[in-house]
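Numbering (the numbering used here), first residue to last: 1 to 336. Let me begin by presenting the structure, written as structure tokens, before commenting on it.
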Amino acid sequence: MHDVFGDIKSLVRLSDIHTDNNIFRLHYKATMFVLIVCSLLVTSRQYFGDPIDCVTSNVDPGLMDTYCWIHSTFTIPSHSGKDDTYHPHPGVGPNHDLVTKEPLEKKHHKYYQWVFLVLFLQALMFYIPRYFWKVWEGGKIKMLAADLNAPILDDDLKKDRREIIVRYFNANIGTHDFYAYKFFFCEALNFINVIIQIFITDRFLGGEFMRYGSDVVRISQEPLGTRNDPMDLLFPKVAKCTFQLYGASGSVEKHDGLCVLPLNILNEKIFIFIWFWFIVIAVFTALGLLYRLATIFLPSFRTLLLRTRSQLTSTSNVQDITKKCRIGDWFLLYHL
1 MHDVFGDIKS LVRLSDIHTD NNIFRLHYKA TMFVLIVCSL LVTSRQYFGD PIDCVTSNVD
61 PGLMDTYCWI HSTFTIPSHS GKDDTYHPHP GVGPNHDLVT KEPLEKKHHK YYQWVFLVLF
121 LQALMFYIPR YFWKVWEGGK IKMLAADLNA PILDDDLKKD RREIIVRYFN ANIGTHDFYA
181 YKFFFCEALN FINVIIQIFI TDRFLGGEFM RYGSDVVRIS QEPLGTRNDP MDLLFPKVAK
241 CTFQLYGASG SVEKHDGLCV LPLNILNEKI FIFIWFWFIV IAVFTALGLL YRLATIFLPS
301 FRTLLLRTRS QLTSTSNVQD ITKKCRIGDW FLLYHL
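Encoded structure:
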């Protein structure tokens, strides 16, 4: 047993210690960073800029802006894609049918107050699997590989550290399966979280997010003057708002206002980027899960992976180590 595991010394790498992998870090580092940056961008425009400007007659502009920001704006879906005398902007036009005089369906846009908060909470959600693994891992890899990557550590001390790892594996062989499966669970949790975030974003944007990116790509091939841009439908730059107040006689007066939403210029770019980002990390994470299944069920694949870590160790020795190791032992060794 000691002769076989003595070859572990040649497999241990003298490099930075990682307890996870690149796909895992894509979630809690890259994605978390992207979402926080997007949240800060929206916050800066929302609270330090002018997110909405509304105009109407007989109502103070500041009051109108505040009212429409709080109570939401709306567009008329049946007017989308139209640009003529009665429809000066996509989704903007009369509230009723010009022929039948029937009221038309309104689509209210209430999301923009909460975009910064939703993005920030999503960033935190992408850290949850990392938090679980960090707690469950307990610093085992760092403890075993301590000082191995220190640039000033002399060869004798490095040799002693490798001997400690060999003795550890000899004493604890076959006891690391639960350790490994907790990491595999966190990998699956990463994939589940991406899918959940896609559905949450779709619900937040009124069921329009699922096809948002594909619609934008499709519509980009159509002529600019005739296309029905999904970015204008989901993130209108101009929308309507109805302000109600009591008149001199005590009756309720309705004032239709036109609101410009410069914040949506930023929102549409952020969410088209997020749509593609979520798709990319979902695909990479799914491929990572297939890779993980291969490491669990294919010992020959585990041998190949270990072999790539040390070109100086013979294939037969690596095969012997793989045969002696359970999946948890192999997983721990692979990360050292």
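Virtual Cβ for every residue (Gly too), placed ideally from N, Cα, C.
Mind checking residue i: buried by the 16 CB within 10 Å criterion, or exposed?
{"i": "His2", "result": "Bear in mind that the predicted position of His2 carries a pLDDT of just 49, short of 50, making it unreliable; the figure below should be weighed with that in mind. That one is exposed."}
{"i": "Gln244", "result": "exposed"}
{"i": "Ile8", "result": "Confidence at Ile8 is low in this model, with a pLDDT of 49, below 50, so its placement is unreliable and no value can be given for it."}
{"i": "Thr315", "result": "exposed"}
{"i": "Gln122", "result": "buried"}
{"i": "Asp50", "result": "exposed"}
{"i": "His335", "result": "buried"}
{"i": "Asn172", "result": "exposed"}
{"i": "Pro103", "result": "exposed"}
{"i": "Pro236", "result": "buried"}
{"i": "Tyr112", "result": "buried"}
{"i": "Glu268", "result": "buried"}
{"i": "Pro61", "result": "exposed"}
{"i": "Phe183", "result": "buried"}
{"i": "Gln221", "result": "exposed"}
{"i": "Phe74", "result": "buried"}
{"i": "Asp65", "result": "buried"}
{"i": "Lys110", "result": "exposed"}
By DSSP, does residue i sit in helix, in strand, or in coil?
{"i": "Cys38", "result": "helix"}
{"i": "Thr201", "result": "helix"}
{"i": "Pro90", "result": "coil"}
{"i": "Thr370", "result": "Nothing about residue 370 can be reported from this structure: the residues present for the chain run from 1 to 336 only."}
{"i": "Asn21", "result": "coil"}
{"i": "Gly213", "result": "helix"}
{"i": "Thr313", "result": "coil"}
{"i": "Asp320", "result": "helix"}
{"i": "Ser220", "result": "coil"}
{"i": "Leu121", "result": "helix"}
{"i": "Leu305", "result": "helix"}
{"i": "Leu26", "result": "helix"}
{"i": "Phe191", "result": "helix"}
{"i": "Phe33", "result": "helix"}
{"i": "Phe116", "result": "helix"}
{"i": "Leu336", "result": "coil"}
May I ask you to list the residues that DSSP assigns as paired with residue i?
{"i": "Asp329", "result": "Looking at the DSSP assignment, Asp329 forms no beta bridge with any residue, so it has no partner."}
{"i": "Val394", "result": "Lying before the first or after the last residue shown, residue 394 is absent from the chain, which here runs from 1 to 336."}
{"i": "His96", "result": "Pro103"}
{"i": "His109", "result": "Thr73"}
My assumption, with CB atoms under 8 Å, is that residue i sits in contact with residue j. Please give the rounded CB distance.
{"i": "Asp20", "j": "Trp133", "result": "7 Å"}
{"i": "Thr295", "j": "Arg302", "result": "6 Å"}
{"i": "Leu306", "j": "Tyr179", "result": "Their Cβ separation, rounded to whole angstroms, is 18 Å, which puts Leu306 and Tyr179 out of contact at 8 Å."}
{"i": "Phe204", "j": "Val118", "result": "6 Å"}
{"i": "Ile52", "j": "Cys68", "result": "6 Å"}
{"i": "Glu105", "j": "Ser72", "result": "With a Cβ gap of about 15 Å, Glu105 and Ser72 do not count as contacting."}
{"i": "Val115", "j": "Val42", "result": "5 Å"}
{"i": "Thr56", "j": "Asp256", "result": "7 Å"}
* To do: Go through the stretch 224-298 residue by residue and report every complete run of the beta strand (DSSP E) that reaches 3 residues or more, in order.
  => Entirely contained in the stretch 224-298, the beta strand (DSSP E) runs reaching 3 residues are, in chain order, 238-246 and 252-260.
* To do: List in chain order: all unbroken alpha helix (DSSP H) runs of 4+ residues lying wholly within the stretch 126-189.
  => Taking only runs of at least 4 residues, the alpha helix (DSSP H) segments lying wholly in the stretch 126-189 are 128-137, 140-144 and 155-172.
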